[in-house]
Amino acid sequence: MADVTLRKVVKRYDDVEAVRGIDLDIADHEFVVLVGPSGCGKSTTLRMIAGLEDISDGDIMIGGDVVNDVPPKDRDIAMVFQNYALYPHMTVAENMSFGLRLKNYPKAEIKSRVTEAARMLDITDLIDRKPKQLSGGQRQRVAMGRAIVRNPKVFLFDEPLSNLDAKLRVQMRIEIKKVHQKVRTTTVYVTHDQVEAMTLADRVVVMNHGRIEQIGTPNELYHKPATKFVASFIGSPAMNFVPCRLEDVGGKLHVRLTDRLAFPLPPARAARYQAVPRTDKLLLGIRPEHITEARPHAEPGIEPFDAVLDVTEPMGMETLVYFTLEGTQVCGRVNPNAGAQDGGPLRLAVDLNNMHLLNEVTGAVL
Amino acid sequence: MSTMTIDKSGPTRKVKYGSMSRDRAWALRWSYFFLVLFAIFSLTPPLYMLVTSLKSSAEISAATNPWWVYHPTLENYIGLLTSNQFLRFFWNSAWVSIIVVTITMLISVPAAFALARMKFWGSATLATGVFLTYLIPDTLLFIPLFKMFAVFGDWTGIQLINRWYVLLLIYPTLTVPFCTWIMIGYFASIPKELDEAAIIDGASWFQTLTRIFIPVALPGLIAATIFAFTVSWAQFLYPLVFTTSTDQLVLPVGIITTLIKGDVFNWGQIMTGALLGAAPPLIIYAFLMDYYIAGLTAGATKG
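Protein sequences appear in the order of chains A and B. Each residue of the first sequence is one higher than the one before, counting from 51 in our numbering. Each residue of the second sequence is one higher than the one before, counting from 3 in our numbering.
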C-alpha cells in the first residue's frame with residue numbers, strides 16, 4: 051500500500067513528446083483512472099509508473115521513494131494487461147504463483163495466497179487448467195489473481211476490459227470494483243472508455259495530447275468540466291456545443307444562438323458571465339438531458355423554444371431527438387410520450403441553469 | 003436425398019450440387035497424383051540401397067535384376083556391425099553431432115533471445131547479418147578455414163587439423179546462424195506483454211528466457227535441434243577436408259574412404275553403411291515430426 055506521485059514527468063521518443071510534463075498525486079488506497087483518446091499518453095504514463103518505459107524527465111515516486119531508475123521488479127507493483135499475458139504453458143495456479151516462486155516464498159504461504167485469491171475471484175474450480183482452456187473473462191480473472199497474490203503496493207491496469215464483449219465488460223467492471231473494495235490497494239487504471247472511467251474511479255484523470263486536461267471525481271468532471279475537451283469527452287451522448295454570443299437586451303444578459311433565437315440568462319449565470327466581452331466568439335455547452343420537451347408551466351432558467359426534428363432515436367426509457375441550429379446538430383433527451391417524430395415539430399425547453407459557456411478559440415470553460 | 007424437385011411449373015434448369023466439393027475432389031486427385039509421383043521419386047534410391055545391401059558381392063557383380071534379391075543375405079550388415087572401424091565412424095559421428103547440437107543450442111537460443119527481445123543498437127542489422135552468413139556456401143569457406151587452422155597450428159602448436167574435434171569448431175558456423183534465425187522468428191511471435199508480465203513478476207532476463215521463452219517456444223527449439231543434428235550428421239565436405247586418419251573419420255566420409263579401395267567398390271557394404279547411417283536422423287524425425295512441422299510453420303498463423 052502506498053501513494054504514487056508524478057512530478058513533471060516527460061516521455062520523449064526521438065523528436066515526439068508522448069507525455070509532456072505530468073503532475074499527479076495519487077493517495078494511498080485510491081482508485082485513479084487515466085482516460086483519453088488513443089495516443090494521449092495514458093498508457094505510456096502507466097508504463098512509466100510500472101518501469102517498462104524509462105522516463106525522459108521528471109520524477110516518479112511510489113510510497114515516497116523516487117523510483118526513476120528502479121527496475122520494475124523492485125517497484126513492488128503488479129500489472130494487468132489488455133491481452134491478459136498469461137503464461138500459456140503454466141496452469142492457473144502456476145501463473146498466479148510465478149512471482150512468489152521467483153521470490154522463493156515458502157510453499158505453504160504461496161498455496162494459501164493462491165487459494166485465497168482464487169476464492170475471491172471465483173476461479174477455484176479452474177486452478178489446474180491451462181489458459182487455453184479458459185474464456186476471456188476467466189483469463190482476465192486469472193490475470194487479476196496474479197496481481198492480487200503478490201500483494202503489491204500498487205495495481206496497474208492497462209485497458210484490461212478492452213478485449214471482452216460488452217456484456218462481460220460490465221460484469222468484470224463490477225468485479226474489479228468489488229476486488230478493490232476488498233483489498234484497497236492503490237490502483238492506476240488506464241482506459242479509453244469514459245463509462246469505465248466514470249464507474250470505477252475515485253478520481254478520473256482526463257488526458258489529451260500528452261497533457262492532463264482535468265483531474266476530478268466523476269461528478270466534478272461531468273458537471274464542472276474545465277475545458278471543451280473534457281466536456282465533450284465525458285458523457286454519452288456528448289455535450290452539445292452551439293456557437294453563440296452574449297448581448298444585453300433591456301438591461302438583461304442574453305445568449306444569442308441564431309438571429310431568431312436568444313435566451314435570457316438566469317441571474318446566477320448572468321452575474322458569472324457579466325465580464326465576458328460581448329464580441330467574443332463563444333460556445334453554449336449544454337448536455338442532451340438539459341434539452342427536454344417543454345413543460346406546461348414556466349420554471350426559472352428553463353426557456354422553451356420550437357424545433358423541427360431531423361431524426362429521433364427511441365431508447366425505451368427516453369427518446370433522443372436531433373435537430374439543427376444554424377448548421378450545428380443538437381441532441382436532446384425527451385420523454386418517450388412527448389410525441390417526437392422524425393421530421394416533425396416539437397416544442398422543447400433548454401435548462402440554462404445547467405449551461406456551460408466556452409470560449410470558442412481557447413476551448414476554456416468560462 | 004438424390005434428387006429434389008422444388009418448382010414444378012417454372013423453367014427447368016439442371017441443378018448443380020456441390021460444385022465446391024467437386025473442385026475439392028479435383029484438387030485432391032491432383033495432390034495425390036503429385037504426392038505419389040514424388041514419393042516414388044524420393045523413395046526409389048533408398049529402396050535400391052536396401053535391395054543392394056541384401057545382396058552378396060557375387061550377386062551384385064553378376065548383374066541380375068537390380069530390383070530383386072534372389073539370394074538374400076545379411077553378410078554386409080554383419081560385416082559392418084562387427085567391424086571396429088565402422089563402429090568407430092559411427093561413434094565419431096554420434097559424438098560430433100551431439101556435441102555440435104549442444105553447442106549450437108547454447109549459443110543460438112540466448113543469441114536469438116537477445117536479438118529478438120533486448121532491443122539494442124544494431125540488433126536488427128545483426129539479426130540480418132546472422133542469416134546472411136548462413137548463405138555463404140561451405141565450398142567457398144573450406145579452403146580459408148583450412149588455412150586458418152593450419153596457421154593457428156603453426157603459431158600455437160595446437161594441432162587441430164586431422165582431429166575429429168576440429169569439426170566441433172567448424173559445424174557451428176553452419177548450424178548457429180540458421181538455428182538463431184529460426185529461434186528469432188519463433189521468439190518474435192511471442193507477445194511482448196508476456197515478457198513484460200514476467201519482468202514485473204520479478205524475473206530476470208535469464209529467468210524470462212529459461213522459464214517463459216524456452217517452454218513456450220519448445221516446438222521451435224525442437225525444430226532447430228533436429229536441423230542442427232541433421233546438418234552435422236550429414237556433413238560431408240568439411241570432414242573430408244579436415245580429417246584424414248581413419249580413426250578420426252565420421253560416418254559419411256568413412257564409408258567412402260574405406261569401402262572404396264582404388265577402383266574396387268564394395269557396393270553391398272557401401273549401401274549398407276549408408277542405410278545404417280541414415281537410420282538415426284530417421285528415428286529422430288519419426289519421434290519429433292509433429293514438433294518439427296509446428297516449428298517450421300510458426301508465425302504462419304498467429305494463435
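Glycine is no exception: its CB is placed at the ideal position from the N, C-alpha and C atoms.
Practice problem: Could you list which residues in chain B have their beta carbon closer than 7 Å to that of A/G149, in chain order? | Solution: As a working mapping, residue 149 of chain A is identified with position 99 in the first sequence. The contacting residues are D203, G204.
Self-check item: Where the alpha helix (DSSP H) containing A/Y323 begins and where it ends
Solution: Mapped onto the first sequence, residue 323 of chain A falls at position 273. First-last of the alpha helix (DSSP H) with A/Y323: 317-323.
Quiz item: Of the residues B/I216, B/G204, B/V178, which one's Cα is nearest the Cα of B/I192?
Solution: Here residue 192 of chain B corresponds to residue number 190 of the second sequence, with the count starting at 1. Nearest of B/I216, B/G204, B/V178 to B/I192, Cα basis: B/I216.
Quiz prompt | Cβ-based burial, B/T303 [other Cβ within 10 Å; buried from 16] | solution = The sequence position of residue 303 of chain B within the second sequence is 301, counting from 1. Reliability of the predicted coordinates at B/T303 is poor, the pLDDT of 41 falling under 50, and the value obtained from them is presented with this limitation in mind. Result: exposed.
Quiz item: Which residue or residues does DSSP assign as beta-bridge partners of A/D392?
Solution: As a first step, residue 392 of chain A is located in the first sequence; it is residue number 342 there, counting from the start. For A/D392, which the question treats as bridged, DSSP gives no partner whatsoever.
Quiz prompt | For A/K331, the nearest candidate out of A/A348, A/L315, A/V305, A/T342 (CA to CA) | solution = Within the first sequence, the letter at position 281 stands for residue 331 of chain A. Comparing Cα-Cα distances from A/K331 to each of A/A348, A/L315, A/V305, A/T342, the minimum goes to A/V305.
Quiz item: DSSP on A/G413, reduced to helix/strand/coil?
Solution: Translated into the one-based positions of the first sequence, residue 413 of chain A becomes position 363. A/G413: coil per DSSP, three-state reduction.
Self-check item: the stretch 161-180 of chain A / the stretch 203-210 of chain A touching (three or more Cβ pairs under 8 Å)
Solution: no
Quiz item: Can you tell which of A/M222, A/P350, A/M170 has the C-alpha that lies nearest to the C-alpha of A/I198?
Solution: Counting from 1 along the first sequence, the entry for residue 198 of chain A is found at position 148. Selected option, being the one with the closest Cα: A/M170.
Quiz item: If you drop the 5 nearest sequence neighbours on each side, which residues of the same chain put their C-beta closer than 6 Å to that of A/M140?
Solution: Walking along the first sequence from the start, residue 140 of chain A turns up at place 90. The answer is none, since no qualifying residue turns up.
Exercise. Quick one: give me the first and last residue of the alpha helix (DSSP H) that A/R189 is part of.
Key: As a position in the first sequence, residue 189 of chain A is number 139, starting the count at 1. Per DSSP, A/R189 belongs to the alpha helix (DSSP H) from 186-199.
Exercise. Measure the C-alpha to C-alpha separation of A/R319 and A/G260 and round it to an integer number of angstroms.
Key: Here residue 319 of chain A refers to the residue found at position 269 when the first sequence is read from its first residue. Here residue 260 of chain A refers to the residue found at position 210 when the first sequence is read from its first residue. Taking the straight line from one Cα to the other gives about 33 Å.
Quiz item: Taking the alpha-carbon positions, what's the B/G305 to A/G186 distance?
Solution: As a first step, residue 305 of chain B must be located in the second sequence, where it is residue number 303. As a first step, residue 186 of chain A must be located in the first sequence, where it is residue number 136. Only weak support exists for where B/G305 lies, its pLDDT of 38 falling under 50; the coordinates are left without a value.
Practice problem: Classify A/V305 as helix, strand or coil using the three-state DSSP reduction. | Solution: In the first sequence, residue 305 of chain A corresponds to position 255, counting from 1. Here A/V305 sits in strand by DSSP.
Practice problem: Determine which residues share a DSSP beta bridge with A/F6 and list them. | Solution: Nothing in the structure corresponds to residue 6 of chain A, since chain A is present only between 51 and 416.
Practice problem: Go ahead and pull the three-state DSSP assignment for B/F267. | Solution: By one-based count along the second sequence, residue 267 of chain B stands at place 265. Reduced to three states, the DSSP call for B/F267 is strand.
Quiz prompt | Beta-carbon proximity list for A/A288, same chain, < 6 Å, skipping 5 on both sides | solution = Taking the first sequence and counting its residues from 1, one reaches residue 288 of chain A at position 238. Hits under 6 Å: S282.
Quiz item: Should A/R310 be labelled buried (16 or more other beta-carbon atoms within 10 Å of its own) or exposed?
Solution: The sequence position of residue 310 of chain A within the first sequence is 260, counting from 1. By the neighbour-count rule (16 or more Cβ atoms within 10 Å), A/R310 is not buried but exposed.
Exercise. Determine contact between the stretch 157-171 of chain A and the stretch 235-245 of chain A, defined as no fewer than three beta-carbon pairs at a distance below 8 Å.
Key: no
Practice problem: Quick one: which residues of the stretch 362-384 of chain A get their C-beta closer than 7 Å to a C-beta of chain B? List them in chain order. | Solution: none
Practice problem: Would you identify the three-state DSSP class for B/I186, choosing helix, strand or coil? | Solution: Position 184 of the second sequence, counted from the first residue, corresponds to residue 186 of chain B. Reduced to three states, the DSSP call for B/I186 is helix.
Exercise. Please check if any C-beta of chain B sits within less than 8 Å of the C-beta of A/N258.
Key: Locating residue 258 of chain A in the first sequence gives position 208, counting from the first residue. Taking Cβ atoms only, chain B never reaches closer than 8 Å to A/N258, which makes this a no.
Self-check item: Ordered list of alpha helix (DSSP H) runs contained in the stretch 214-284 of chain A, each at least 4 residues
Solution: 216-233, 244-250, 268-273, 278-283
Quiz item: Since A/N133 meets chain B, which of its residues come closer than 8 Å, beta carbon to beta carbon?
Solution: Position 83 of the first sequence, counted from the start, is the residue given in the question as residue 133 of chain A. Here the neighbours are P193, E195.
Exercise. Have a look at B/A65 and B/S58 and give me their C-alpha separation to the nearest angstrom.
Key: Taking the second sequence and counting its residues from 1, the one referred to as residue 65 of chain B is at position 63. Taking the second sequence and counting its residues from 1, the one referred to as residue 58 of chain B is at position 56. In a straight line, the C-alpha of B/A65 is about 11 Å away from that of B/S58.
Practice problem: Output yes if chain B places a C-beta closer than 8 Å to the C-beta of A/R62; else output no. | Solution: Taking the first residue of the first sequence as 1, we reach residue 62 of chain A at position 12. No, no contact with chain B.
Exercise. Please state if the CB of B/I160 and the CB of B/A152 are separated by a distance shorter than 8 Å.
Key: By one-based count along the second sequence, residue 152 of chain B stands at place 150. By one-based count along the second sequence, residue 160 of chain B stands at place 158. Contact flag unset, no.
Quiz prompt | Euclidean distance between Cα positions of A/P268 and A/H347 | solution = Residue mapping note: residue 268 of chain A aligns to position 218 of the first sequence, counting from 1. Residue mapping note: residue 347 of chain A aligns to position 297 of the first sequence, counting from 1. Going by the C-alpha atoms only, they are around 33 Å apart.
Practice problem: List the endpoints of the continuous alpha helix (DSSP H) containing A/G91. | Solution: The residue you call residue 91 of chain A lines up with position 41 of the first sequence. That residue, A/G91, is in no alpha helix (DSSP H); it is neither H nor E in DSSP.
Quiz item: Closest Cβ-Cβ distance between B/A225 and chain A: below 8 Å?
Solution: Taking the second sequence and counting its residues from 1, the one referred to as residue 225 of chain B is at position 223. So no, B/A225 is outside the interface.
Self-check item: Other residues of its chain near A/T362: CB distance less than 8 Å, five sequence neighbours each side excluded
Solution: Counting from one through the first sequence, the residue named residue 362 of chain A turns up at place 312. Result list for A/T362: T369, L370, V371, Y372, A390, Q391, D392, in chain order.
Exercise. Return the CA-CA distance between A/V13 and A/S286, expressed in angstroms with no decimal places.
Key: The shown model of chain A, from 51 to 416, leaves out residue 13 of chain A, and the question about it has no answer.
Practice problem: For the beta strand (DSSP E) containing A/R125, list its first residue and its last residue. | Solution: Within the first sequence, residue 125 of chain A is the residue found at index 75, counting from 1. Note, A/R125: premise wrong, no beta strand (DSSP E); not H, not E.
Practice problem: Using the Cα positions of B/G256 and B/L290, report the straight-line distance between them to the nearest angstrom. | Solution: By one-based count along the second sequence, residue 256 of chain B stands at place 254. By one-based count along the second sequence, residue 290 of chain B stands at place 288. Each residue's alpha carbon lies about 28 Å from the other.
Quiz item: Closest by CA to A/E225, which one among A/V204, A/A193, A/R253, A/N201?
Solution: For this step, residue 225 of chain A is matched to residue 175 along the first sequence. When only C-alpha atoms are compared, the closest one is A/A193.
Exercise. Measuring only between beta-carbons, confirm whether B/A126 sits less than 8 Å from chain A.
Key: The sequence position of residue 126 of chain B within the second sequence is 124, counting from 1. Not closer than 8 Å to any Cβ of chain A, the Cβ of B/A126 fails to qualify, so no.
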